[in-house]
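Participant: Each residue of the sequence shown is one higher than the one before, counting from -8 in my numbering.
The beta carbon of each residue, even a glycine, is placed where N, CA and C say it ideally should be.
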Amino acid sequence: MNDVDLEISAAFVEEGLEMIDEVEPQLVALETTQDAAGHVDLEMVNSIFRLFHSLKGSAGFLELTNIVELTHKAENLLDIFRKGEAALAGPDIPLLLQTIDLLRKVMEDLAESGRDDAYRDEVQAQVAALQVSITAKQNGEPAPAAPAAAPEPAAEPEVAVDWPDPAADAPDALHFPAITVTPEMKARFIEEAEELLDAAEQDLLAALKAGPDGPDLAEALRALHSFKGNAGFMGFRDLEELTHRIETVLEEVVAGTIATTDQTLAVFLEVVDADRRAVASLSDGGTGRIDGLADLLARLDALQGGDAAPTDAPPAAPKKSGFIPLGRMPAAKAPARSEERH
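Encoded structure:
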């Protein structure tokens, strides 16, 4: 394990542990805020969902497969509550708290060893327990009791970790400490970025071609969310800022509060093109800066202000989607059968 690898692991762990510390009390609070039917504050559920979703994205980029498996399964369980397909039951919160405790152990070990497989057996057991709960909810069965927590190993002497200082100019959207970007990391980022931007562009073009009956742009939103996280982790601030802004507007479109007009889609496609050009510049030694960033941000802001949509056109009705915008959850409804999203 070289110094660069340890630095990257430390940056990821520092951010992840801060997120866990922020979200864990919210998870505990769900036990007291849910009503008699098991319905909960969806904004609180969204915050917890964001933790697992963000950790999964960054862990996937760093090829930390055990963290990816654990966060993906927890994300699937939380998504059932977010979409109102089942009510939160008594054993669900202890199960999620156990998942967070295990994540903390895995990440603390990652900071020291640079590996995420020290607790592989525990991760697999927890993934299986989460899947049992997911399957029970899909079948309309009572939630199974949370498994007993594994006994804590004997305490070992603490190992001091020299965390890198956070970047002074990091935007509010992300707080990863500065890391040293290696050529291998940059190449992997570029390859994945091209795939994600292609996926977003195809969804936008399909919507432009099909008109009102086109796709709901959920795939574009997913792809751009992942791209934004990767850009932030790598420290490409222009890419992160622009993609964060388009993601915010896209959530409004998916929710139906901004009309899906040709003009709106054209702005989105221009933003994707700008992201693509900045990514391409990285291959030639560029820094990922985006020419005309301020203008693109202003045009996205105008969409939220309604300047780009016809004034006599009512907002489009929300289309059904496997993705629910984080800030705009519908009211919880009666449990329903559902296929797990992969």
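Using only CA atoms, which one of I181, V245, S45, G51 lies nearest to D268?
Facilitator: In the sequence shown, residue 268 corresponds to position 277, counting from 1. Rather than Asp, the amino acid found at residue 268 in this sequence is Arg. Nearest of I181, V245, S45, G51 to R268, Cα basis: I181.
Participant: Quick one: residues in its chain with C-beta nearer than 8 Å to the C-beta of R179, no 5 flanking neighbours on either side, listed in chain order?
Facilitator: Numbered from 1 along the sequence shown, position 188 holds the residue referred to as residue 179. Excluding residues within five positions, the ones whose Cβ falls inside 8 Å are F52.
Participant: To which residues of the same chain is K47 closer than 8 Å at the C-beta, ignoring the five residues directly before and after it?
Facilitator: Within the sequence shown, residue 47 is the residue found at index 56, counting from 1. Result list for K47: I58, V59, T62, H63, E66, in chain order.
Participant: What are the boundary residues of the alpha helix (DSSP H) that includes A109?
Facilitator: As a working mapping, residue 109 is identified with position 118 in the sequence shown. That residue, A109, is in no alpha helix (DSSP H); it is neither H nor E in DSSP.
Participant: Return the CA-CA distance between Q129 and G75, expressed in angstroms with no decimal places.
Facilitator: Here residue 129 corresponds to residue number 138 of the sequence shown, with the count starting at 1. Here residue 75 corresponds to residue number 84 of the sequence shown, with the count starting at 1. C-alpha separation (whole angstroms): 12 Å.
Participant: Since I believe L294 is in contact with V262 (beta carbons under 8 Å), could you give me their beta-carbon distance rounded to a whole number of angstroms?
Facilitator: Position 271 of the sequence shown holds residue 262. Position 303 of the sequence shown holds residue 294. The Cβ separation is near 10 Å, so there is no contact.
Participant: Could you tell me the distance, in whole angstroms, from the CA atom of M225 to the CA atom of V172?
Facilitator: Position 234 of the sequence shown, counted from the first residue, corresponds to residue 225. Position 181 of the sequence shown, counted from the first residue, corresponds to residue 172. Cα to Cα, M225 sits roughly 7 Å from V172.
Participant: Please report the residue range of the alpha helix (DSSP H) in which L53 lies.
Facilitator: Reading the sequence shown from its first residue, position 62 is the one you call residue 53. Careful: L53 lies outside any alpha helix (DSSP H) and carries neither H nor E.
Participant: Hey, would you say I249 sits closer than 8 Å to A265, going by beta carbons?
Facilitator: Here residue 249 is taken as the residue at index 258 of the sequence shown, counted from 1. Here residue 265 is taken as the residue at index 274 of the sequence shown, counted from 1. No, the pair does not count as a contact, with Cβ atoms beyond the cut-off.
Participant: By the 10 Å Cβ neighbour count, where 16 or more other Cβ atoms means buried, how is V97 classified, buried or exposed?
Facilitator: Locating residue 97 in the sequence shown gives position 106, where the first residue counts as 1. Counting Cβ neighbours within 10 Å, V97 comes out buried, since at least 16 surround it.
Participant: Between H216 and L260, what straight-line distance do the alpha-carbon atoms span, to the nearest angstrom?
Facilitator: Along the sequence shown, one-based indexing puts residue 216 at 225. Along the sequence shown, one-based indexing puts residue 260 at 269. Taking the straight line joining both Cα atoms gives about 15 Å.
Participant: Should T23 go down as buried or exposed, given a rule of 16 or more other Cβ atoms within 10 Å for buried?
Facilitator: Counting from one through the sequence shown, the residue named residue 23 turns up at place 32. Its Cβ having fewer than 16 others within 10 Å, T23 is exposed.
Participant: Mind checking whether D194 and L208 have CB atoms under 8 Å apart?
Facilitator: Residue numbering aside, residue 194 sits at position 203 when the sequence shown is read from its first letter. Residue numbering aside, residue 208 sits at position 217 when the sequence shown is read from its first letter. Yes, Cβ-Cβ distance for D194 and L208 is below 8 Å.
Participant: Using the C-alpha atoms, what's the distance from E9 back to F43?
Facilitator: Locating residue 43 in the sequence shown gives position 52, where the first residue counts as 1. Locating residue 9 in the sequence shown gives position 18, where the first residue counts as 1. So the alpha carbons of these two residues sit roughly 13 Å apart.
Participant: V270 lies in the alpha helix (DSSP H); which residues open and close that run?
Facilitator: Counting from one through the sequence shown, the residue named residue 270 turns up at place 279. Run containing V270: 253 to 274, per the alpha helix (DSSP H) assignment.
Participant: How many Å lie between P206 and E192 at the Cα?
Facilitator: Stepping through the sequence shown from its first residue, residue 206 is reached at position 215. Stepping through the sequence shown from its first residue, residue 192 is reached at position 201. Rounded to whole angstroms, P206 to E192 spans 12 Å at the Cα level.
Participant: Kindly list the residues whose CB is nearer than 7 Å to the CB of K177, restricted to its own chain and excluding five residues on each side of it in sequence; keep chain order.
Facilitator: Stepping through the sequence shown from its first residue, residue 177 is reached at position 186. Same-chain partners within the cutoff: L273.
Participant: Quick check: what's the CA-CA separation for G296 versus E243?
Facilitator: As a working note, residue 296 is residue 305 in the sequence shown. As a working note, residue 243 is residue 252 in the sequence shown. If I take the Cα positions, the gap works out to 11 Å.
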